[in-house]
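Novice:
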Amino acid sequence: MPVHNTEIAALFNRLADLLELEDANPFRVRAYRNGARTISSLAQNVAELVKAGKDLSELPGIGEALAKKIETIVETGKLPQLEKVGARTPPALSKLMKIEGLGPRRVKTLYKQLGIRSLEDLDRAARSGKIRKLEGFGKKTEEIILHGLERFSGAEERMKLPDAEDIAKSLVAWLKYTQGVKAVTVAGSFRRRKETVGDLDILITARKNSPVMDRFVNYDEVNEVVSRGKTRSTVILRSGLHVDLRVVPQVSYGAALCYFTGSKAHNIAVRKLGVKKGYKINEYGVFRNEKRVAGKTEKDVYKQIGLPYIAAELRENRGEIDAAKKGKLPELVTLEDIRGDLHCHTKATDGRNSLNEMVEIAKARGYEYLAITDHSRHVTVAHGLDRKRLLDEIRQIDKLNEKLDGIVVLKSIELDILEDGSLDLPDGVLKELDLTVCAVHYKFNLPRKKQTERIIRAMDNPYFNILAHPTGRLINQREAYEVDLETIMTAARKRGCFLEVNAQPDRLDLTDSYCKLAKEMGLKVAISTDAHSTGNLDYIRFGIGQARRGWLEADDVLNTRTLDDLKKLLRRD
DNA sequence: GCCGTTTTCGGCCCGACTGTTTTCAGTCG
């Protein structure tokens, strides 16, 4: 099993932590963190790139030194420098820096002065009042540490996007109806449509004397006010979600929106570019010699430094600035581009609504087609369809199609890929379908090679069309199964098969990085909801967000096609 | 440690809030 990208990134991050504790050059520390970020957001397995002899220093933020270190990690599983630094500075200290309110300086002082090297040490010292006596610390800081410890022990989990949406919606409504408030925008990773959010960043433009800050900290759901200033405040809601609110004047709205949308790495890159052109960029605008030259809209900000507008979903410093400079930004796929859904369930298996109800809502959404993909027999808990019941459903759909106008129901199935790579129903019945959506639903723990072969063998079946939720991961619940997705993607491309971007907000599988890789490989994907109810069809929004984060354009997406064009792309002999 | 249509050396984004301070360091985003 090759070394995972996340393991390499973790080693670099840990090294960065320890170097920071040693007062190393902060830019060197940042270089390690940047490298870690590049590695962890890469779809391809770095170990395999190394084996293929690829020059890693071509990757952004990876230079000769880091490239060499990565090679060592791939070969030995270890980063010698980390062990060397670890001998001087206890590696456990990096955990202390995760406590809110504790950074490298304070952790270092705590270690040097009180010998604190673990969470337990920290807790003991704080409780016995030792910390407040240190220079630069005080009673209040001690309380903050104790509080941070308490919070830390709770599950540290990022919130899934739809949950954050629910919370944001009520809060935004509350803030909007405040005297003097003009615009309320949720920015941050929420706006970048990341699959999970760590906190909510809300931007407000308001008249000078608007009481919006008061109203914010007095919101019913606020559990704790972390900080409160004139232009910025932070609270923690009862749900545990942190919310930052920033108030700026109208003339700074665009600059503030850029700043608050991030990502941090994107902002740094943009500001750097600004500096090069003689501008200072902050949340109040773009400045040349103290004079504001742009800032009212995001577009103005980008324009001022010679760039076209960059969509929020792209702002991760993963090549978007370079693409913008060259005029090569993708024209991202939108909700309006989607002409149909290629994965949904009905009451026949584990869906909540009938065939007719599903079709009715799909039609109301303006879809031209809807593929009904109930489970196959192997998924017994969902009462999966056997050959006979599938034939019944096919006949039912044929009958319905005769009556329907403006939408066509596609005959399909979510077909289990069995352990040996065969499909769960015989070809004889599969050939009656318009398309198949195939998936792994059991035996997640096969070795990587076997799992990969299993899926590719399934693709050898001429009736295989789309690989559903290709890695099986459930966000915050279940890791992806071990599989060589890049090899699978290559195989899919060769065979005329497709991969799915499952739009269930629990799945969002493919990830953004793999969407981008698919695009680069020329492999088209289907964005499908896997809806188990009529309401779920709306999940398509989350799939679109993920696809946009993966740089996908309408042309890269199967279900932006008209029905005729779609049929041409699906191999059905 | 990275990086270069000003640079292969000398830079490296920018500001708010808090606490412990009498002008600023530390942390955060």
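Numbering (our numbering), first residue to last: 523 to 1095. Even for Gly, the Cβ is constructed at its ideal location relative to N, Cα and C.
1. Counting Cβ pairs, one atom from each stretch, are 3 or more of them under 8 Å apart for the segment 868-887 and the segment 828-845?
2. Do you know offhand how far R713's Cα is from D1060's?
3. Give me the Cβ distance between L725 and V773, rounded to the nearest whole Å; I'm assuming they're in contact under 8 Å.
4. Would you give the residue range spanned by the beta strand (DSSP E) that H764 belongs to?
5. In its own chain, which residues sit with a C-beta less than 8 Å from the C-beta of L1030, not counting the 5 before and 5 after it?
6. What does DSSP give as the partner residue(s) for H897 in the beta ladder?
7. Buried or exposed: which applies to E672, given that a residue is buried once 16 or more other Cβ atoms fall within 10 Å of its Cβ?
8. Does the segment 750-761 come within contact of the segment 784-799, defined as at least 3 CB pairs closer than 8 Å?
9. Inspect the beta-carbon positions of K682 and P1027 and report whether they are closer than 7 Å.
10. Mind checking who A1048 pairs with in its DSSP beta bridge?
11. Count the other CB atoms, across all protein chains shown, that sit within 10 Å of the CB of R649; report buried if there are 16 or more and exposed otherwise.
12. With respect to the beta strand (DSSP E) encompassing L725, which residues constitute its N-terminal and C-terminal limits?
13. Spatial neighbours of V596 within its chain, please: C-beta separation below 6 Å, excluding the five flanking residues on both sides.
14. Quick check: the segment 579-592 against the segment 615-635, are at least 3 beta-carbon pairs closer than 8 Å?
15. Please name the residue, chosen from A787, E529, T871, H963, that lies closest to T895 on a Cα-to-Cα basis.
16. Based on the DSSP secondary-structure assignment, which residues constitute the bridge partners of I988?
17. To the nearest angstrom, how far is it from the Cα of G906 to the Cα of I935?
18. Excluding the five sequence neighbours on either side, which residues of its own chain have a C-beta within less than 6 Å of the C-beta of I803, listed in chain order?
19. P733: buried (16+ other C-beta within 10 angstroms of its C-beta) or exposed?
20. Taking all protein chains shown into account, do 16 or more other C-beta atoms lie within 10 angstroms of the C-beta of Y781, making it buried, or fewer, making it exposed?
21. So, at 8 Å on beta carbons, what are the nonlocal neighbours of A647 in its own chain, with the 5 sequence-adjacent residues on each side left out?
22. If you follow the alpha helix (DSSP H) that K847 is in, where does it begin and where does it stop?
23. What residue does the beta strand (DSSP E) around N745 start on, and which one ends it?
24. Please list the terminal residues of the continuous beta strand (DSSP E) segment that includes G776.
25. What three-state label does DSSP hand G891 in the structure shown?
26. Let me confirm a value: A990 is counted as buried when at least 16 other C-beta atoms fall within 10 Å, else exposed. Which label applies?
Specialist: Result, derived from the coordinates:
1. no
2. 18 Å
3. Not quite, the Cβ-Cβ distance comes to about 14 Å (not below 8 Å), so this is no contact.
4. 764-770
5. E717, I997, V1023, N1024, F1064, G1065, Q1068
6. E936
7. exposed
8. no
9. yes
10. E1022
11. exposed
12. 721-728
13. V525, A569, V572
14. no
15. T871
16. V959, F1020
17. 10 Å
18. R793, G796
19. exposed
20. buried
21. L632, L636, I638, I653
22. 842-847
23. 744-750
24. Element bounds for G776: not the beta strand (DSSP E) but the alpha helix (DSSP H), 775-783.
25. Checking the sequence shown, residue 891 turns out to be Tyr, not Gly. Residue state, collapsed to three classes: strand.
26. buried
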